[in-house]
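According to the working numbering, the sequence shown is numbered sequentially starting from 869.
Note that CB positions come from ideal geometry on N, CA and C, so glycine has one too.
These numbers come from a predicted model, not from an experiment.
See structure below.
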Amino acid sequence: MISPPRDGRSAWVMLVVIPAIAMGFLMHAPGGRWFGILIKGLLFVIAVAGIVFLQRRNGLPLSVAGRGNTRDCPDDNGSLFETKSPEKTSWDGFGPAFRRFNTRYLDVVRSAVVASCAGLYLKSTGGLVLEAGLDPDGEMISRKALREGGLVNQVAGERKAVLGGDLSPGTVMDGFAETCIQSFLGVPLLWENGLLGVLAIGSNAPDSFGEEDAEFMMRCAGILTEVMSVYHRGLRWETDQQIFVIHREIETVLRGVKDEEQALFAFVEQIRKIFPLDRVTLSVREGEEGVIHQVFGQVDALDRGTRYPFDEGLNGWVLKRNAPILIPDMAKGNYARPRYFQGEDTRHGFRSFLGIPLGRGETAWGCLSLESRQPDQYGDKGKEVLIQLSRYLEVILEQVNMTMCRGKGGGNVMP
């Protein structure tokens, strides 16, 4: 349908279009049949041109009368391949998305059962960790390792719902420093007969939860485990993509280096994108000893030039056996193996250790070690990835030192 004219020019066109339609189809044209058809055809073209002008002038899409709502032309809709849009939020990865989901999900669960606090506890190498929690004030609590015992560990041990309605005074919700509860309800997060963690709620009033609440929490736990399975698949895919990019970047960057220090610095800058690092050490073999050759990060008392035997520390173990070694937590257990030699300063604060031998023969000429102040930072997947990435560094260092030996007759880090 034609919209009403919005300005004077449109009004004049309307005065031309309407008489043209009337003259062409309501009046008899003299001069014979063919002359009449020609006149009517000319007036029809004028009328159509006027209608199109009015529609474009008014800025409205063409529509068909009598068919209800019309669909805008495709140019008004966003492209499927559009890369920038002010209304869209940028994707920052599965990890941040899962953390945001945890906060909102706990808030929904806590409100649904009228609880004072709620917590999501996930299984880690050292036991259960409070991954996310909401206290009675709605404040977020995260990443706190649990001590042995407690109601949450009881849920994990029994792998079934635990309901407590009249707890002793002073009972604190696990992982919450100052949140006392009198009622507790916790359910396990199970996936393929394995324990993923615990979903728990607490209340400061006695007998706040019942069997219906326990059934509801079990359903909530089932939904959460489904979300976690998607998260872990997405995180693995995301990690693989990032590792692939790091492979290409390391290969490109190391191709243009001229000396070993530049090569090491470029390598460390790339791997820190996927590994949490507080210290990176390159050691080389000199006879039956190891020597610290380069250090990036925390230096402490063990700097360049420090010598150590093969049989006392972790780095010597890697050099002697030409095999990688992974220590999730150096401070755990009755015997904390030294990094280099017996009697070294143990106040370094490092917890995670990953050592990789360098050398393509039966004897390693060097050792690359990564250390972090946080426990459980690398894992078997990290060991596998670092072995692959260290091959680039190994080849570049060998080439650089061969060039140095030919040009200057020295400077070789390899025996």
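Own chain partners of residue i with C-beta closer than 6 Å, once the 5 adjacent residues on each side are dropped
| i | result |
| --- | --- |
| D1284 | Nothing about residue 1284 can be read from this structure; the chain reaches only from 869 to 1283. |
| T1107 | none |
| S1010 | A1000 |
| D1213 | A1169 |
| G1022 | For clarity, residue 1022 is Gln in the given sequence; the question names Gly instead. Taken in chain order, the residues that qualify are V1030. |
Whether residue i touches residue j by CB criterion (8 Å)
| i | j | result |
| --- | --- | --- |
| S1051 | L1035 | yes |
| V976 | I1069 | no |
| P1206 | G1247 | no |
| I1160 | D1168 | no |
| F1164 | V1136 | yes |
| Y1208 | L1092 | no |
| L1265 | A1134 | no |
| G1025 | D1042 | no |
| L1150 | Y1260 | no |
Buried versus exposed, by CB contacts within 10 Å (16 or more), residue i
| i | result |
| --- | --- |
| E999 | buried |
| A1073 | exposed |
| R1186 | As written in the sequence, residue 1186 is Val, which differs from the Arg given in the question. Buried, since its Cβ has 16 or more Cβ neighbours within 10 Å. |
| I819 | Nothing about residue 819 can be reported from this structure: the residues present for the chain run from 869 to 1283 only. |
| V1253 | buried |
| P942 | Its pLDDT being 36, under 50, P942 is placed unreliably in this model, and the value from its coordinates should be taken loosely. When all chains shown are included, P942 counts as exposed. |
| R1153 | buried |
| V982 | exposed |
| M1270 | exposed |
| G987 | buried |
| S1097 | exposed |
| A1199 | exposed |
Integer Cβ distance of residue i from residue j, believed to fall under 8 Å
| i | j | result |
| --- | --- | --- |
| Q1166 | R1147 | 5 Å |
| G1054 | A1013 | About 17 Å separates the two Cβ atoms, so there is no contact after all. |
| F966 | Y1176 | Rounded, the Cβ-Cβ distance is 42 Å, inconsistent with contact. |
| G994 | P1192 | Between P1192 and G994 the Cβ distance is about 22 Å, and since that is not below 8 Å, they are no contact. |
| Y989 | V1040 | Rounded, the Cβ-Cβ distance is 14 Å, inconsistent with contact. |
| R1027 | L1063 | 6 Å |
| L1238 | L1145 | 6 Å |
| F1218 | V1095 | Actually they do not touch by this definition, with Cβ atoms about 34 Å apart. |
Cutoff 7 Å; reference residue i; Cβ partners in own chain excluding five residues on either side
| i | result |
| --- | --- |
| L1226 | A1232, W1233, G1234, C1235, L1236, S1258, E1262 |
| D1127 | V1268 |
| K991 | L1063, L1064, G1065 |
| G963 | L1103 |
| Q1110 | I1142 |
| I1255 | P1192, I1224 |
| Q1245 | P1144, S1220 |
Coarse secondary structure for residue i, derived from DSSP in three states
| i | result |
| --- | --- |
| P1177 | strand |
| Y1099 | helix |
| S1258 | helix |
| Q1138 | helix |
| G1025 | helix |
| I1264 | helix |
| P1037 | coil |
| G1217 | coil |
| W1233 | coil |
| M1198 | coil |
| Q1110 | helix |
| Y989 | strand |
| P964 | helix |
| K1012 | strand |
| T1047 | coil |
| A1191 | coil |
| A1068 | strand |
| V1121 | helix |
| E1157 | strand |
| R1207 | coil |
| F1133 | helix |
| F1143 | coil |
| D1042 | coil |
| A980 | helix |
| A1288 | Past the boundaries of the shown model lies residue 1288; the chain is included only from 869 to 1283, so the question cannot be answered. |
Nonlocal neighbours in the same chain, by C-beta distance under 8 Å from residue i, ignoring five residues either side
| i | result |
| --- | --- |
| A1045 | none |
| P1004 | S984, C985, T1047, N1072 |
| T971 | A1000, L1002, M1008 |
| F1178 | E1156, E1157, G1158, G1184, W1185, L1187, K1188 |
| R1251 | With the sequence shown as reference, residue 1251 is identified as Lys, and Arg is not the correct amino acid for it. So the list reads P1192, L1194, L1222, I1224, once near-sequence residues are dropped. |
| E1129 | Q1162 |
| E1117 | Q1138 |
| I1114 | Q1138, I1139, K1141, I1142, L1257 |
| V1125 | A1131, A1134, I1264, V1268 |
| D1197 | T993, G994, R1219, S1220, P1243, D1244 |
| T1082 | Checking the displayed sequence, the identity of residue 1082 turns out to be Ala instead of Thr. These residues qualify, in order along the chain: A1029, L1031, L1053, V1055. |
Proximity test, residue i beta-carbon vs the ligand ATP heavy atom, cut-off 7 Å
| i | result |
| --- | --- |
| L1261 | With respect to the ligand ATP, the structure offers nothing, as it holds no ligand at all. |
Minimum Cβ-Cβ distance from residue i to chain D less than 8 Å
| i | result |
| --- | --- |
| G1018 | Here there is only one protein chain, and chain D is not present. |
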